[in-house]
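Shown next, in structure tokens, is the structure this report addresses.
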Amino acid sequence: MIRYGNRTVGKPSILITGASGFLGYVLCSSLADDYAVTGTYRSNSPSCGSIETVQLDLEDDEDVFTEILSRLSPSRIIHAAALADADKCEENPELAWRVNVDGSRKLARAAGRIGIPMIYISTDLVYSVGTGPFDESRVNPAMVYSQTKRSGEMQVLSAHPDNIVLRCALMYGPDDGRRISFVRRMDWVIRSGGMLTLFTDQYRTPLWAQDVASAIPAITQRTVSGHIFNLGGPDRLTRYDFGLLAAEVFGWPEYRIRPVRIADLPHLAFRSHDCSMDSGLARRELGWEPTPVRRGLELLRKLWG
Ligand SMILES: NC(=O)c1ccc[n+]([C@@H]2O[C@H](COP(=O)([O-])OP(=O)(O)OC[C@H]3O[C@@H](n4cnc5c(N)ncnc54)[C@H](OP(=O)(O)O)[C@@H]3O)[C@@H](O)[C@H]2O)c1
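Spelled out as structure tokens, the structure:
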């Protein structure tokens, strides 16, 4: 292989949007050995060192996307950039639609015209009614955030026949200390002497974020049948049970974890009781094997030292 600056000729090239975000950092770090990665950011320079970076705002005109994609000519795009804070989306729905829907449409159309396939990162929050684990068919987005993500999925799927949606569960994993996962936030609360208030009636299938990266080679290396895949961890548990498990692994005092029901906090925006996912399709089609929660937390404890 020949290296030109950070770019290695001979590896497939991949453009990751949102490289300065939590998932972007994990994807860039995990994929940089096997792909020539370029990462996009809007306002914060990505901290994963071994990649090229380019500034891109999803509110830009479509021509800007066309120019960037023509110049970089990646063999595939992983579109992870989004307004990903559900509460901020509720507060500013216009911005959420501009970034998550219009931005995804413009990027997907520009990519589709040049013939670059895309992988769109979506969310488990598109499932909100009934009892899980949900397969890919039972979508019912009930919040501004999940509605914009579902709409983004449809924009992307209609732009190119090879486009794929990965619906990711609530994620935890390594971070760069700037954009962090909910587990790091929990750790900070405990370390500063605070209490964690966790739902006993919201079921999730928490996902070790590096498992998203491990789904990518199967998609880039062979023809995959299916366009939408759930990527959820193998354990279905409540937020509270997750907290107790994390307390066991990290040595947090259990009394600092307070169980609450969603109905106990009526001031919050809508929260689903169940977004747990059945990821059998990804296991079968992508040969994908997610990490059990206890193992993921132990990996994190090792990384944190
Ligand atoms: N975290 C989770 O548990 C989770 C679960 C399911 C799905 N997801 C999905 O995974 C993806 C990544 O989430 P995350 O948690 O990593 O989010 P994050 O840490 O908040 O990062 C968001 C990324 O999007 C970029 N971005 C925001 N607005 C933008 C705009 N107008 N134009 C261009 N880039 C923009 C940010 O760039 P700057 O920082 O440079 O401004 C940042 O790189 C999202 O699509 C989210 O919906 C996340």
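First residue of the sequence shown? That's 448 in our numbering, and the numbers climb one at a time after it. Using N, Cα and C, we set each Cβ at its ideal position, and we do this for glycine too. Just so you know, these numbers come straight off a predicted model, no measurement behind them.
Distance, residue j Cα to residue i Cα
i       : j       : result
Gly-452 : Ala-529 : Note that Gly-452 scores 46 on pLDDT, short of 50, meaning its location in the model is unreliable and no value can be drawn from it.
Met-448 : Thr-464 : With a pLDDT of only 38 at Met-448, under the threshold of 50, the placement of this residue in the model should not be trusted, and no figure is reported.
Val-636 : Met-642 : 7 Å
Asp-534 : Leu-654 : 21 Å
Asn-491 : Leu-712 : 33 Å
Glu-695 : Arg-631 : 15 Å
Arg-454 : Arg-626 : Note that Arg-454 scores 49 on pLDDT, short of 50, meaning its location in the model is unreliable; the coordinates nonetheless yield the value given after this. Going from the Cα of Arg-454 to the Cα of Arg-626 covers about 25 Å.
Val-501 : Asp-510 : 16 Å
Ala-466 : Ala-710 : 36 Å
Arg-450 : Gly-471 : Because Arg-450 sits at a pLDDT of 43, beneath the cut-off of 50, its placement in the model cannot be relied upon, and the point is left open.
Ser-517 : Glu-541 : 29 Å
Glu-697 : Leu-519 : Reading off the sequence shown, one finds Phe at residue 697, where the question assumed Glu. Near 43 Å, if we compare the C-alpha coordinates of Leu-519 and Phe-697.
Ser-639 : Cys-722 : 30 Å
Ala-555 : Val-603 : 5 Å
Leu-750 : Gly-620 : 9 Å
Asp-481 : Arg-552 : 28 Å
His-720 : Leu-692 : 20 Å
Asp-507 : Asp-549 : 10 Å
Gly-743 : Ala-543 : 31 Å
Pro-580 : Val-573 : 13 Å
Val-773 : Val-707 : No statement about residue 773 is possible, as the shown extent of the chain runs from 448 to 752 and does not include it.
Trp-699 : Leu-747 : 14 Å
His-714 : Arg-585 : 27 Å
Asn-547 : Asn-539 : 12 Å
Pro-459 : Arg-651 : 34 Å
Ala-662 : Arg-731 : 12 Å
Lys-596 : Cys-536 : 11 Å
Asp-504 : Tyr-488 : 8 Å
Pro-493 : Gly-624 : 12 Å
Pro-608 : Ile-561 : 13 Å
Thr-485 : Cys-495 : 11 Å
Glu-745 : Gly-752 : 11 Å
Cβ-heavy atom distance, residue i to ligand 1, below 7 Å
i       : result
Ser-661 : no
Ala-529 : yes
Thr-500 : no
Cys-536 : no
Arg-489 : yes
Cys-615 : yes
Beta-carbon gap between residue i and residue j smaller than 8 Å
i       : j       : result
Asn-677 : Met-618 : no
Ser-477 : Ala-660 : yes
Ala-531 : Leu-474 : no
Ala-558 : Ala-606 : yes
Thr-738 : Gly-680 : yes
Gln-657 : Arg-718 : no
Thr-578 : Ser-593 : no
Ile-515 : Ile-566 : no
Thr-728 : Glu-583 : A quick correction: the sequence has Leu, not Thr, at residue 728. Going by C-beta atoms, Leu-728 is nearer than 8 Å to Glu-583.
Ile-524 : Leu-613 : no
Ile-568 : Pro-521 : no
Asp-622 : Phe-469 : yes
Ala-716 : Met-590 : yes
Arg-705 : Thr-644 : yes
Ser-575 : Asn-587 : yes
Chain D contact for residue i (CB, 8 Å cutoff)
i       : result
Arg-686 : In summary, chain D is missing from the structure at hand, where a single protein chain is found.
CB-CB length for residue i against residue j, believed under 8 Å
i       : j       : result
Ile-666 : Leu-733 : 7 Å
Phe-646 : Thr-670 : The pair is not a contact, with the Cβ atoms about 40 Å apart (cut-off 8 Å).
Proximity test, residue i beta-carbon vs ligand 2 heavy atom, cut-off 7 Å
i       : result
Glu-538 : The model depicted lacks ligand 2 and carries ligand 1 instead.
Uninterrupted beta strand (DSSP E) stretches inside the segment 498–576 (no shorter than 3 residues)
For the segment 498–576, the continuous beta strand (DSSP E) assignments of 3+ residues that do not extend past its boundaries occur at 499–502, 523–526, 565–570, in sequence order.
Could you pull out every unbroken beta strand (DSSP E) segment of at least 3 residues lying fully inside the segment 452–478, listed in chain order?
Whole beta strand (DSSP E) segments, 3+ residues: 454–456, 460–464.
Quick one: complete alpha helix (DSSP H) runs, 4+ long, within the segment 591–674?
Taking only runs of at least 4 residues, the alpha helix (DSSP H) segments lying wholly in the segment 591–674 are 591–604, 629–638, 657–668.
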